[in-house]
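Structure record follows, encoded as structure tokens.
Residue numbers (the numbering used here): 369 to 789.
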């Protein structure tokens, strides 16, 4: 299936540029039988479990595979797995080698994250561990094998994404009504954002919900800590919509709060003054488009990157507009920005409640907008947590530590205020 932007005609600027989703996966059977047969365990001998096995059925790299369903043949009695194992059988031994990874690194990552053991005999993988962990490992292996069948490779980030995608809908950061609207019967679908330089795939349930919201709503908010992909995914969707002919330009903005929006004391022209504050947006664009194309689009005003103060008095029509670091917009600036929305446009607001750099006594426009607009049906709010951080694993731990300290400080202040009263 493909995600479709409601009411927008398609005017392709490049083939397949819009977002696409893979069709739902046909489940592989996983059998549990009596403890009569033995399955060779990897036993930590990395590099041997997925070596080509003469006992495996013949296979040929590049052979036509047709449907992406993974066929499973009946297990023979002589090769029956032990009770409590989950066994998957794969038709292509070469793809199975790629599935395991060099020196079984992909299997090792799976074993470490899910506390399971994965063993191979021929073209079968046997999973040992707690029942729930076995089930989850089987789901991840199926999804990764399908990825290989579609002609794509596997990186550690892909395994991380599949592991994260197993979380419940309740972790997706949306209100109940939003979840039902966004997911419906499509929870098995995979979402891809195709740009000129790369294909971007959400790595958590919340990210997937967020991407759907960007397509389904004229105004979408993404709120949460750094490293959760709020801005990166928004820019990717904007580029994809432009390439697909749905919008005519991309407008990216941030409050230049570090300079107090007073940039006159800095050397250079207006662009040179604000560029240091806009650099994260440039970085995202260069991930999705060739550098020369980015430069040309900026020169032709197809891409515009400007501080929030420069948005005053404008109406942005047929554009994809992103306001990043919105927690540092004042209430008046936020109202000014939101009322720039014009015909045929999509607007995205991203921010982190815990990173407000406004002067003391100045309220955040993001917090006010969240309070005032949360009940408007055509506006989406996606809320990220530290569980959605996709940078270095330490980043999530650091965010959790700071959040816990902030919560403790708030409780102490509340207790002191109550005692003083």
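Here a beta-carbon is modelled for each residue, glycine too, at the ideal position from N, C-alpha and C. In this text the structure is predicted, and so the values were computed from the model without any measurement.
Rounded C-alpha distance that separates residue i from residue j
i           : j           : result
residue 751 : residue 596 : 10 Å
residue 698 : residue 462 : 57 Å
residue 477 : residue 776 : 35 Å
residue 582 : residue 728 : 33 Å
residue 670 : residue 491 : 52 Å
residue 746 : residue 660 : 37 Å
residue 782 : residue 743 : 29 Å
residue 794 : residue 497 : Outside the displayed range of the chain (369 to 789) lies residue 794, so it cannot be described from this structure.
residue 624 : residue 564 : 29 Å
residue 524 : residue 619 : 33 Å
residue 508 : residue 681 : 50 Å
residue 786 : residue 772 : 21 Å
residue 678 : residue 657 : 25 Å
residue 333 : residue 610 : Nothing about residue 333 can be reported from this structure: the residues present for the chain run from 369 to 789 only.
residue 668 : residue 763 : 38 Å
residue 578 : residue 765 : 23 Å
residue 457 : residue 724 : 52 Å
residue 614 : residue 479 : 43 Å
residue 612 : residue 784 : 57 Å
residue 739 : residue 471 : 52 Å
residue 737 : residue 517 : 45 Å
residue 663 : residue 774 : 42 Å
Sub-9 Å separation of residue i and residue j beta-carbons
i           : j           : result
residue 532 : residue 755 : yes
residue 589 : residue 493 : no
residue 665 : residue 689 : no
residue 528 : residue 757 : no
residue 753 : residue 503 : no
residue 621 : residue 561 : no
residue 676 : residue 647 : no
residue 580 : residue 559 : yes
residue 570 : residue 767 : no
residue 500 : residue 515 : no
residue 713 : residue 584 : no
residue 726 : residue 710 : no
residue 311 : residue 466 : Nothing in the structure corresponds to residue 311, since the chain is present only between 369 and 789.
residue 587 : residue 513 : no
Own chain, CB closer than 7 Å to residue i, minus 5 neighbours either side, in chain order
i           : result
residue 719 : 591, 693, 694, 695, 734
residue 793 : Since the displayed the chain opens at 369 and closes at 789, residue 793 lies outside it and no answer follows.
residue 643 : none
Residue i (DSSP reduced to helix, strand or coil)
i           : result
residue 562 : strand
residue 621 : strand
residue 496 : strand
residue 690 : strand
residue 749 : strand
residue 740 : helix
residue 758 : coil
residue 606 : helix
residue 567 : strand
residue 517 : helix
residue 734 : helix
residue 589 : strand
residue 527 : helix
residue 726 : coil
residue 363 : The shown model of the chain, from 369 to 789, leaves out residue 363, and the question about it has no answer.
residue 648 : helix
residue 668 : coil
residue 783 : helix
residue 576 : helix
residue 717 : strand
residue 487 : strand
residue 674 : strand
Residues near residue i in its chain [Cβ-Cβ closer than 6 Å; skip 5 each side]
i           : result
residue 770 : none
residue 511 : 530
residue 572 : 532, 756
residue 598 : 590, 718
residue 616 : 686
residue 779 : none
9 Å Cβ cutoff, residue i in contact with chain C
i           : result
residue 744 : Structure shown: chain C not included; a single protein chain is present.
Are the region 643-655 and the region 601-615 touching, with three or more C-beta to C-beta distances below 8 Å?
The region 643-655 vs the region 601-615: in contact.
Do the region 728-747 and the region 699-712 make contact, defined as three or more Cβ pairs closer than 8 Å?
Touching, yes, given that three or more Cβ pairs across the two stretches are closer than 8 Å.
Check whether the region 606-613 and the region 677-691 touch, using three or more Cβ-Cβ pairs below 8 Å as the test.
Segments in contact, yes.
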